[in-house]
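**Q** Note that the sequence shown covers residues -24 to -1, 1 to 236 in mature numbering (1 follows the signal peptide of the UniProt record, and there is no 0).
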Amino acid sequence: MYSVRISLLGIILYSFYKFGLSDASESASERQERDLFKGFSGYRLFNNSFRMVYYHDLTIAVVEIGDNMTLLNCELIEVFSDEQRKKTLEDLSKVVGRSLRLLFDDMMLLMSQCDSLDSRLINRMVMALTPKPETTINNSITTTQSSVFSGIFPGTKWCGTGDIARSYFDLGSEWIMDKCCRKHDLCPVKVKGYGSRYNLTNKSLYTKSHCACDDEFAKCLKQAGKPAADFMGNIYFNILQVSCIQDQKQGKQFRTAKKY
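1) So the candidates are Val165, Ser17, Trp151 and Ser92; which of them puts its Cα closest to the Cα of Val72?
2) Assuming Gly138 contacts Gly148 (C-beta within less than 8 Å), just tell me the rounded distance between them.
3) Would a C-beta distance cut-off of 8 Å place Leu162 and Leu52 closer than the cut-off?
4) What does the alpha-carbon distance come out to for the pair Gln224 and Asn24?
5) Just grab the DSSP bridge partners of Thr46 for me.
6) Rounded to whole angstroms, what is the Cα-Cα separation between Ile113 and Gly131?
7) Take Glu66 as the anchor and find which of Tyr30, Asp82 and Tyr212 has the nearest alpha-carbon.
8) Which one of Gly169, Lys70, Gln199 and Glu59 has the shortest CA to CA distance from Thr183?
9) Which whole-angstrom value describes the C-beta separation of Leu167 and Asn178, a residue pair presumed to lie in contact below a C-beta threshold of 8 Å?
10) Using the Cα positions of Ile211 and Asn44, report the straight-line distance between them to the nearest angstrom.
11) Between which two residues does the alpha helix (DSSP H) harbouring Arg20 extend?
12) Looking only at C-alpha atoms, which of Met153, Tyr19, Gln217 and Thr232 sits nearest to residue 251?
13) For Met83, which residues in the same chain have their Cβ closer than 6 Å to its Cβ, ignoring the five residues on either side in sequence?
14) Taking DSSP as the reference, what is the three-state secondary structure of Gly136?
15) Checking the sheet assignment: what are the DSSP bridge partners for Gln229?
16) Using CA atoms only, rank isn't needed, just tell me which of Gly42, Glu192, Arg74 and Gly171 is closest to Met87.
17) Ignore the nearest five residues each way along the sequence and tell me which others in Thr119's own chain have a CB closer than 7 Å to its CB.
18) Give the straight-line distance between the Cα atoms of Lys228 and Gln222, rounded to the nearest whole angstrom.
19) Taking a contact to mean a Cβ-Cβ separation below 8 Å, would you say Ala37 touches Cys90 in this structure?
20) Restricting to Cα atoms, I'd like to know which of Cys187, Lys63 and Tyr144 is closest to Asp81.
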């Protein structure tokens, strides 16, 4: 088991390097953003529900509200630029309605409330309506191998370099851990690898997220109570030691990663 874990660690670290390195090219970065952008699925839990659109920086939330302002469902959308956010909000205004900008803390609270929903049931309902490719044993094995060499942790679709999820609702078999990674990927405040934002330049391969998102990511992985989740936390915080973005009086600054 120990040798297998070391081998898996080597593959994942290699994949982080190989696929993260492609971000150095502007054309490769744009292509990756286009491939990763999922847009809005249009899924609605109840036809008579009320829907709202909220956003902060690089994250948009389409929420479904029922009687007595009960939160029924959420779909979070990651955008990669101000221009893409503007276009997405314009598109959503035609099918959902006008959008409302939230403060960072309010957006984080909304994301936590969305995360507390019975998302496993909702995800299953949505994915049941989504056409799936034919699956065979060989195809399943190939998919697992492909996910590892693409920098995605086995059993997940959101943990690693980028993601392989078809939509926000698409989670892997390790769904508890996958939810942690999904929420972290959708952090509203971040600087992509070799990118610049908030007067900060990220000279590393890896996306640097707001420290509040990193803190919640570590907490979520620990609460998952699974060896795989702790393994992921050890890679991200202790081995890669990806720094995070912290708000200071003089503006946003990078902060050294905390130990897991």
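Backbone N, C-alpha and C define an ideal beta-carbon position, used for all residues, glycine too.
**A** Quick look at the numbers:
1) Against the sequence shown, residue 72 aligns to sequence position 96. Among Val165, Ser17, Trp151 and Ser92, the Cα nearest to that of Val72 is on Ser17.
2) Here residue 138 refers to the residue found at position 162 of the sequence shown. Here residue 148 refers to the residue found at position 172 of the sequence shown. Rounded, the Cβ-Cβ distance is 14 Å, inconsistent with contact.
3) As a first step, residue 162 must be located in the sequence shown, where it is residue number 186. As a first step, residue 52 must be located in the sequence shown, where it is residue number 76. Taking 8 Å as the Cβ cut-off, Leu162 and Leu52 qualify as a contacting pair.
4) The residue given as residue 224 occupies position 248 in the sequence shown. The residue given as residue 24 occupies position 48 in the sequence shown. Going from the Cα of Gln224 to the Cα of Asn24 covers about 44 Å.
5) By 1-based counting over the sequence shown, the position of residue 46 is 70. DSSP output for Thr46 lists no bridge partner at all.
6) Numbered from 1 along the sequence shown, position 137 holds the residue referred to as residue 113. Numbered from 1 along the sequence shown, position 155 holds the residue referred to as residue 131. Because the pLDDT at Ile113 is just 41, under 50, the model does not fix this residue reliably, and the value given afterwards should be weighed accordingly. So the two alpha carbons sit approximately 15 Å from each other.
7) The count along the sequence shown starts at 1 and reaches residue 66 at position 90. Of the listed residues, the one whose Cα sits closest to Glu66 is Tyr30.
8) Translated into the one-based positions of the sequence shown, residue 183 becomes position 207. Residue Gly169 is the option with its Cα nearest to Thr183.
9) The sequence position of residue 167 within the sequence shown is 191, counting from 1. The sequence position of residue 178 within the sequence shown is 202, counting from 1. Before going further, note that residue 167 is Val rather than Leu in the sequence given. Going by Cβ atoms, the distance from Val167 to Asn178 rounds to 4 Å, so yes, they are a contact pair.
10) Within the sequence shown, numbered from 1, the residue matching residue 211 stands at position 235. Within the sequence shown, numbered from 1, the residue matching residue 44 stands at position 68. Each residue's alpha carbon lies about 43 Å from the other.
11) The sequence position of residue 20 within the sequence shown is 44, counting from 1. Unbroken run through Arg20: none, as it is neither H nor E.
12) Nothing can be reported for residue 251, as the shown portion of the chain is limited to -24 through 236.
13) Here the question's residue 83 lines up with position 107 in the sequence shown. Hits under 6 Å: His32 and Pro164.
14) To locate residue 136, count along the sequence shown from 1; it is residue 160. In this structure, Gly136 counts as strand in the three-state DSSP scheme.
15) On the sequence shown, residue 229 is found 253 positions in, with the first residue counted as 1. Gln222.
16) Residue mapping note: residue 87 aligns to position 111 of the sequence shown, counting from 1. Measuring from the Cα of Met87, the nearest candidate turns out to be Glu192.
17) Here residue 119 is taken as the residue at index 143 of the sequence shown, counted from 1. Residue confidence for Thr119 is low, a pLDDT of 44 falling below 50, so the modelled location carries little weight; the figure read from the coordinates is stated next. Contacts found: none.
18) As a working note, residue 228 is residue 252 in the sequence shown. As a working note, residue 222 is residue 246 in the sequence shown. Computed Cα separation, rounded: 6 Å.
19) The residue labelled residue 37 in the question sits at position 61 within the sequence shown. The residue labelled residue 90 in the question sits at position 114 within the sequence shown. Yes, Cβ-Cβ distance for Ala37 and Cys90 is below 8 Å.
20) Here the question's residue 81 lines up with position 105 in the sequence shown. Closest option to Asp81, Cα to Cα, is Cys187.
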